[in-house]
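Trainee: As they're listed, the protein sequences go chains A and B.
Heads up: the first sequence is residues 429 to 685, going by the working numbering.
Heads up: the second sequence is residues 429 to 685, going by the working numbering.
Every residue, glycine too, gets a C-beta built ideally from N, C-alpha and C.
Number of protein chains: 2
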Amino acid sequence: MPLHITSERHLDDGVVEREFTLGDIPGLLWTPESASEPESTPVPLILLGHPTLGLHKMYPRLVARARHAAADGFASATIELPGSGDRPRIPALEQARADLRGVLQAGEPVTDEIIDALTLPLVDRAVPECRKALDALLELPEIGGPVGYSGGVISIGVRLAATDPRIVAAGLFAGSFVPRATFEEARRVTIPLHVLLQWDDERNDRQAALNLFDAFASKEKCLNANMGGHTGVPPHAGDAAANFFRRHLAPEVTPGN
Amino acid sequence: MPLHITSERHLDDGVVEREFTLGDIPGLLWTPESASEPESTPVPLILLGHPTLGLHKMYPRLVARARHAAADGFASATIELPGSGDRPRIPALEQARADLRGVLQAGEPVTDEIIDALTLPLVDRAVPECRKALDALLELPEIGGPVGYSGGVISIGVRLAATDPRIVAAGLFAGSFVPRATFEEARRVTIPLHVLLQWDDERNDRQAALNLFDAFASKEKCLNANMGGHTGVPPHAGDAAANFFRRHLAPEVTPGN
């Protein structure tokens, strides 16, 4: 499925932002301006994950991450999640979210069944869409590889990391409910990982996040845990994630830079 | 007690290494050559901790950390631990180490009593010595402040961080036995912390390390956990610790650099 560019604008710091559609899925692509110059070398790509709040609401945080990536010479891209933003709602997911709100309001425990219902239909739809987006993005002349995956719903990142060999490094955010299936898939992940954990994340089960980190089979995995709640990720944690991608996507640079 | 410089040599990368004694305690001081130039501004200091293996054995790892610090414009210094290296043995500590070897060989559990006996006599002696070393080091014209503490026996770092207001940031290595008293002292630590944990450290109790990280009262604390055993700390973890000290000891630099 080809990628259809619908708009292009130049941000103030040498970043080209393009809106695109992939079939009926909207997406955003950011590239360093230098990548569009004649005879420039195709650049690595970071696929940016995000929560289910929709691209419009997430735009400020996404573009900040995209600018960071472009400053390191990387393209970055993201697509709308199934059932989010302007995409059609998915009844099973809407029901699961209503069920979650119900148990949270009643102060009841969030069961594995609710977590599965809340997560697995999303992962089952989103992962093939991410892979199609990669197919199309890697056809663009500015974009070469390797590919990194960064952030968003962790179960999507885990399945992509376990199943798509084009992804060579993943930065994951341990900040969402983790279904049992994700722990199993984690044991098949072998690529380098950088896992961000907000130690006091009110929406997260810290022990589950530590268990998930332990489950990954990757020889190189780094847990970066910081204080603060779900949205309180400190700027230096973003810098640490950027250092991780520099190490793995641009291996010719001096280690540590 | 004044610091007595006993030798000075210039390393190949613009670092001045000086041996000193503080009473009968031997120590090492590294400064960037630029700090000795006339009219140069006094530089921050990182006090380097180390395990109980003695300065001679630890020298290669210490000088690597010192070069890293000097490249960032920081002085660094370390002193021999009580009962280590060429310093007189401490019978109570020797007995505790023999007891530890005994229970490890017998496959018996390491009790709180053994951990206390192994650690507290060392901490009680080492912390006042570190403070005296800081008194003397901060009198040197090249050294101003602020002061960071890095690595070594974690109970020493915790007590220094809890009790010496000159120390503004600490990088701790969760890789030694942690006595119960250290958990109590951790609750009084409020300075920014960067805690390194080797996830598969054969000499470390991972859950105890996570509990200790949780106990610190610091608003800014970062846990950086990596794969590998006690001595397998990856180079990028050293870079992350260096970034931490740059943020807190040289606040005028651009965040993230």
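Tell me which residue opens and which closes the alpha helix (DSSP H) that residue 666 of chain A is part of.
Mentor: Segment 663-677, the alpha helix (DSSP H) holding residue 666 of chain A.
Trainee: Can you confirm whether the region 666-676 of chain B touches the region 596-614 of chain B when touching is taken to mean that 3 or more C-beta pairs between the two stretches lie within less than 8 Å?
Mentor: Yes, the region 596-614 of chain B is in contact with the region 666-676 of chain B.
Trainee: What does DSSP give as the partner residues of residue 397 of chain B in its beta bridges?
Mentor: Nothing about residue 397 of chain B can be reported from this structure: the residues present for chain B run from 429 to 685 only.
Trainee: Taking 8 Å as the threshold (beta carbon to beta carbon), is residue 677 of chain A in contact with chain B?
Mentor: Taking Cβ atoms only, chain B never reaches closer than 8 Å to residue 677 of chain A, which makes this a no.
Trainee: Using C-beta distances below 6 Å, list every residue in its chain close to residue 613 of chain A, excluding the 5 sequence neighbours before and after it, in chain order.
Mentor: These residues qualify, in order along the chain: 586, 587 and 590.
Trainee: Taking its Cβ as the centre, do 16 or more other Cβ atoms sit within 10 Å of residue 435 of chain B, making it buried, or is it exposed?
Mentor: The residue is exposed, with fewer than 16 neighbouring Cβ atoms inside 10 Å.
Trainee: Measure the C-alpha to C-alpha separation of residue 462 of chain B and residue 499 of chain B and round it to an integer number of angstroms.
Mentor: Those two C-alpha atoms are separated by around 11 Å.
Trainee: Just to confirm, are residue 572 of chain B and residue 470 of chain B a CB contact at a threshold of 8 Å?
Mentor: Yes; because the gap between Cβ atoms is below 8 Å, this pair is in contact.
Trainee: With DSSP run on the structure shown, which of helix, strand or coil describes residue 602 of chain B?
Mentor: Residue state, collapsed to three classes: coil.
Trainee: So is residue 507 of chain B buried or exposed if we call it buried at 16+ other beta carbons inside 10 Å?
Mentor: Burial call: buried.
Trainee: Residues of chain E with CB under 7 Å from residue 655 of chain B, in chain order?
Mentor: Of the protein chains in this structure, namely A and B, none is chain E.
Trainee: If we cut at 8 Å on Cβ distances, does residue 671 of chain B have a partner in chain A?
Mentor: It does; some Cβ of chain A falls within 8 Å.
Trainee: Measuring straight from C-alpha to C-alpha, what distance separates residue 454 of chain B and residue 578 of chain B?
Mentor: Distance between the alpha carbons of residue 454 of chain B and residue 578 of chain B is about 18 Å.
Trainee: Is the region 487-502 of chain B in contact with the region 548-560 of chain B, if contact means three or more CB pairs nearer than 8 Å?
Mentor: Touching, no.
Trainee: Buried or exposed: which applies to residue 533 of chain B, given that a residue is buried once 16 or more other Cβ atoms fall within 10 Å of its Cβ?
Mentor: Burial call: exposed.
Trainee: Counting only the same chain and skipping the five closest in sequence on each side, list residues whose C-beta sits under 7 Å from that of residue 484 of chain A.
Mentor: If we look at residue 484 of chain A and ignore the five residues flanking it on each side, its Cβ neighbours are 513.
Trainee: Can you list, in chain order, the residues of its chain whose CB lies under 7 Å from that of residue 441 of chain B, leaving out five sequence neighbours each side?
Mentor: Excluding positions up to five away in sequence, the list reads 495.
Trainee: For residue 652 of chain A and chain B, any beta-carbon pair shorter than 8 Å?
Mentor: For residue 652 of chain A, the answer is yes, since a Cβ of chain B falls inside 8 Å of its Cβ.
Trainee: Spell out whether any CB of chain B is found under 8 Å from the CB atom of residue 638 of chain A.
Mentor: Cβ-Cβ to chain B under 8 Å: yes for residue 638 of chain A.
Trainee: Whole beta strand (DSSP E) runs in the region 456-544 of chain B with 3 or more residues, listed along the chain?
Mentor: Segments of the beta strand (DSSP E) lying fully in the region 456-544 of chain B: 471-476 and 503-507.
Trainee: Is DSSP giving residue 647 of chain A helix, strand or coil here?
Mentor: It is coil, neither helix nor strand.
Trainee: Given that residue 658 of chain B touches chain A, what residues does it touch there, using C-beta distances under 8 Å?
Mentor: None at all; the shortest Cβ gap to chain A is about 17 Å.
Trainee: Excluding five sequence neighbours on each side, which residues of the same chain lie with their C-beta closer than 7 Å to the C-beta of residue 628 of chain A?
Mentor: For residue 628 of chain A, where only same-chain residues beyond five positions count, the Cβ hits under 7 Å are 655, 656 and 657.
Trainee: In whole angstroms, what separates the C-alpha of residue 678 of chain B from that of residue 651 of chain B?
Mentor: Rounded to whole angstroms, residue 678 of chain B to residue 651 of chain B spans 21 Å at the Cα level.
Trainee: Rounding to the nearest angstrom, what Cα-Cα distance links residue 605 of chain A and residue 551 of chain A in this structure?
Mentor: The straight-line gap from Cα to Cα measures roughly 12 Å.
Trainee: Taking its Cβ as the centre, do 16 or more other Cβ atoms sit within 10 Å of residue 486 of chain B, making it buried, or is it exposed?
Mentor: Buried.
Trainee: Among A:447, A:636, A:580 and A:621, which one has its Cα closest to the Cα of residue 649 of chain A?
Mentor: Minimum Cα distance to residue 649 of chain A is reached at A:621.
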